[in-house]
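Undergrad: This structure is in structure tokens; I'll ask about it shortly.
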Amino acid sequence: MKTLPWKRWMLSGRRRRMFSAEPVVRVGILEGQKEVRGFFHGPFKVQGQTVMDIPFFASFEGKTLHLTAEGKILGRGDEVVCLPQGEKASFSLYGVTIGRQFHWEREEKQTFQGSLLFCSKGEGITVINALPLEQYLESVISSEMSDRAPEEFLKAHAVVARSWIGRRLLETPHPFPSSPQMKEGEIIRWYGQETHADFHVCSDDHCQRYQGLTRRMTGKASQAARETRGLFLAFDGEICDARYHKSCGGRTELFKNAWEEREVPYLRSVSCAYSSFPYADGEEEARRWILSHPDAFCGEADDKVLEVILNDFDLDTHDFFRWEVSYSCTDLSDIVKEKGGTDLGHLTSLTPLARGPSGRIVLMKLVGEKGSVVVGKELEIRRWLSPNHLLSSAFILEPLTDCRGRILSFHFRGAGWGHGVGMCQIGAAVMALRGASFREILLHYFPGTVLSGLY
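Structure follows, in structure tokens:
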């Protein structure tokens, strides 16, 4: 695929938003904290004072922020800014949550470079890391996937992640989740880029995983970012809203089936293979698809390969290409009540009303002895039907009943991991292992796009 300069896209006469230089990204690391503990590695300047190699403690007292180090007050007020003095200076934060509300949720100590900002907001402290976009990307790539993965995949991931954050920085924020067609008995939500008042993106799966220096092990992620510096995916003269997920299950999904109702030409449904797989948007087609095991890139089952491309906490998720899980009807009824905030009573049926090409359910009707509700879109369905989240909404159900026909349990058989839109991370990594270049990977998952240099 030919690399085109961004300015060539200005010829159509439409107004294009673009960067004139590398932007700075403000990343929200922690929110609503009563206290924050961490450590300065190297020199930092805090309100005129220079501190070095020292633990720090931030507290929230009477709506006022206090930052101290070894009993000495470094700063107080609504905001305290800590500026690194030198390229090697970094800071650590303790108790940072990753995988929030997903099955891999846990707390970690994480280390970051760039500026550190403490803000007093509401009833707690917000912690923000501000740093140049390219430096941010190096950590995103190694947080999303292992930095031991193939170089061409890491380069493709750098372009996709750069495009996603670039689009976020340029567009006007708007509130999410959204339910524009809410009717009685329906809860239709999607989750996207909520308006963050104090920072551009958060550090977790809700936006892009950003875990600082924690998983930059080999230097390959940094090299991938450097070799693709300033390169963005573009379509019709604009930066692409490039999405990605862990495993599509064999076929990617349409943008509109995960987020708002609009067609995005480059986020269409494609097979995760060089051959073409059938659509699975009908119930019989979905059953055949989910019970099959197509020769898809993301169907890779070799543990040695997966250990190279996935991070340690993602390796805890087994059988992501085709998966199974069961719940008793009593347990699932309780889960629906807790997660959905509505008491349907003992569940009597779960019926898919609409599916996308990948087999992912977009609308589902839940019926219980006390009432019914229609739920969408894919993430909301996954949220309602699991203590954490189902791996995907591409599933079929096999209920077990007693002799009177009353449902005792629901057995889920599913395909894929994540929303399924855009680049399949595992599929793309396997493509690279089989010799595909980063340009070939991008063109496969984002058809019709081009590479464009902005800075």
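Letter by letter, the sequence shown follows residues 1327 to 1781 in our numbering. Just so you know, even glycine gets a beta-carbon here, dropped at the ideal spot from N, CA and C. Computed from a prediction, not measured in an experiment: that's the story for all the values here.
Just the C-alpha distance for GLU1650 and ALA1741, rounded to the nearest angstrom, thanks.
TA: Cα to Cα, GLU1650 sits roughly 9 Å from ALA1741.
Undergrad: Between which two residues does the alpha helix (DSSP H) holding CYS1655 run?
TA: CYS1655 -> alpha helix (DSSP H) spans 1655-1666.
Undergrad: Taking the alpha carbon of ARG1730 as the reference point, which residue from LEU1777, GLY1440, LYS1665 and THR1674 has its own alpha carbon closest?
TA: Residue THR1674 is the option with its Cα nearest to ARG1730.
Undergrad: Just verifying my parser: in three-state terms, what is the DSSP assignment at GLY1761?
TA: Three-state DSSP puts GLY1761 in coil, outside helix and strand.
Undergrad: Buried or exposed: which applies to LEU1400, given that a residue is buried once 16 or more other Cβ atoms fall within 10 Å of its Cβ?
TA: The residue is buried, with at least 16 neighbouring Cβ atoms inside 10 Å.
Undergrad: What does a CB cutoff of less than 6 Å around GLY1538 pick up in its chain, not counting 5 residues either side in sequence?
TA: Contacts found: GLN1436, THR1437, PHE1438 and SER1465.
Undergrad: Does the distance from the C-beta atom of GLU1579 to that of ARG1686 stay below 7 Å?
TA: Cβ atoms of GLU1579 and ARG1686: closer than 7 Å.
Undergrad: For HIS1500, which residues from the same chain have a beta carbon less than 6 Å from its beta carbon, with the 5 sequence-adjacent residues on both sides left out?
TA: With a pLDDT of 47 at HIS1500, under the threshold of 50, the modelled position of this residue cannot be trusted, and the question is left open.
Undergrad: Let me know if GLU1610 comes out buried or exposed under the rule of 16 or more other beta-carbons within 10 Å of its beta-carbon.
TA: GLU1610 should be labelled exposed.
Undergrad: So, is SER1778 buried or exposed, given that buried needs 16 or more other C-beta atoms within 10 angstroms?
TA: That one is buried.
Undergrad: For PHE1561 and ALA1568, what's the separation of their Cα atoms in angstroms?
TA: Cα-Cα distance, rounded: 10 Å.
Undergrad: Is the segment 1662-1674 touching the segment 1624-1640 in the sense that three or more CB pairs, one from each, lie closer than 8 Å?
TA: These segments do not touch.
Undergrad: Mind checking which residues open and close the beta strand (DSSP E) that includes SER1778?
TA: Residues 1776-1779.
Undergrad: Identify the continuous alpha helix (DSSP H) that holds SER1698 and give its terminal residues.
TA: No alpha helix (DSSP H) holds SER1698; the beta strand (DSSP E) holding it covers 1697-1702.
Undergrad: In terms of DSSP beta bridges, what is THR1727 paired with?
TA: DSSP output for THR1727 lists ILE1733 as bridge partner(s).
Undergrad: With H, G and I counted as helix, E and B as strand and the rest as coil, what does DSSP make of GLU1387?
TA: Strand.
Undergrad: At which residue ranges does the segment 1500-1585 contain complete beta strand (DSSP E) runs of 3 or more residues, listed in the order of the chain?
TA: Entirely contained in the segment 1500-1585, the beta strand (DSSP E) runs reaching 3 residues are, in chain order, 1512-1514 and 1557-1561.
Undergrad: With distances taken Cα to Cα, identify the nearest neighbour of GLU1434 among GLY1388, ILE1355, LEU1676 and SER1659.
TA: When only C-alpha atoms are compared, the closest one is ILE1355.
Undergrad: Taking only runs of the alpha helix (DSSP H) that begin and end inside the segment 1446-1484, which ones reach a length of at least 4 residues, in chain order?
TA: Counting whole runs of 4 or more residues, the segment 1446-1484 contains the alpha helix (DSSP H) stretches 1459-1470.
Undergrad: Would you mind reading off the limits of the alpha helix (DSSP H) that contains ALA1612?
TA: Looking at the DSSP string, the run of the alpha helix (DSSP H) that includes ALA1612 is 1609-1617.
Undergrad: Between ALA1762 and the rest of its own chain, which residues show a CB-CB distance below 6 Å, the 5 nearest in sequence each way excluded?
TA: Excluding sequence neighbours, ALA1762 sits near nothing in its chain.
Undergrad: Once you ignore the five residues that flank GLY1403 on each side, which residues in its own chain have a CB closer than 8 Å to its CB?
TA: Closer than 8 Å at Cβ, skipping near neighbours: THR1390, LEU1391 and SER1446.
Undergrad: What is the residue span of the beta strand (DSSP E) that GLU1357 lies within?
TA: GLU1357 -> beta strand (DSSP E) spans 1350-1359.
Undergrad: For the beta strand (DSSP E) holding VAL1406, just list the boundary residues, first then last.
TA: Taken as a continuous stretch (DSSP letters only), the beta strand (DSSP E) holding VAL1406 covers 1405-1410.
Undergrad: Here's the rule I'm using: 16 or more other beta-carbon atoms within 10 Å means buried, otherwise exposed. How should THR1619 be labelled?
TA: In the sequence under discussion, the amino acid at residue 1619 is His, which differs from the Thr named in the question. Answer is exposed; the Cβ neighbour count stays below 16.
Undergrad: Could you give the residue range of the alpha helix (DSSP H) that holds VAL1634?
TA: Segment 1629-1635, the alpha helix (DSSP H) holding VAL1634.
Undergrad: Where do the N-terminal and C-terminal ends of the beta strand (DSSP E) with ALA1680 fall, by residue?
TA: 1673-1681 is the extent of the beta strand (DSSP E) around ALA1680.
Undergrad: Looking at the secondary structure, which residues open and close the beta strand (DSSP E) in which THR1437 lies?
TA: Where THR1437 is concerned, the enclosing beta strand (DSSP E) stretches over 1432-1438.
Undergrad: Return yes when the Cβ of GLY1575 is within less than 7 Å of the Cβ of PHE1603, no when it is not.
TA: Their beta carbons are not under 7 Å apart, which means PHE1603 does not touch GLY1575 by this criterion.
Undergrad: Rounded to whole angstroms, how far is the Cβ of PHE1736 from the Cβ of SER1652, which I believe are closer than 8 Å?
TA: About 7 Å; that satisfies the 8 Å criterion.
Undergrad: Rounded to whole angstroms, what is the Cα-Cα separation between LEU1734 and HIS1644?
TA: Near 26 Å, if we compare the C-alpha coordinates of HIS1644 and LEU1734.
Undergrad: Taking the DSSP output, what are the residues bridged to LEU1419?
TA: According to DSSP, which records beta bridges pairwise, LEU1419 is partnered with GLY1364 and GLN1436.
Undergrad: Could you pull the DSSP bridge partners for ALA1741 from this structure?
TA: DSSP, once it has assigned bridges, lists ARG1648 as partnering ALA1741.
Undergrad: Are the beta-carbon atoms of LEU1443 and PRO1349 separated by less than 7 Å?
TA: Taking 7 Å as the Cβ cut-off, LEU1443 and PRO1349 do not qualify as a contacting pair.
Undergrad: Just list the residues that DSSP pairs HIS1392 with in beta bridges.
TA: For HIS1392, which the question treats as bridged, DSSP gives the partners SER1385 and ARG1402.
Undergrad: Tell me which same chain residues have a C-beta within less than 7 Å of the C-beta of VAL1688, skipping the five on either side of it?
TA: Closer than 7 Å at the Cβ level, and outside the excluded window around VAL1688, lie ASN1583, ALA1680, ARG1681, GLY1682, GLY1702, LYS1703 and GLU1704.
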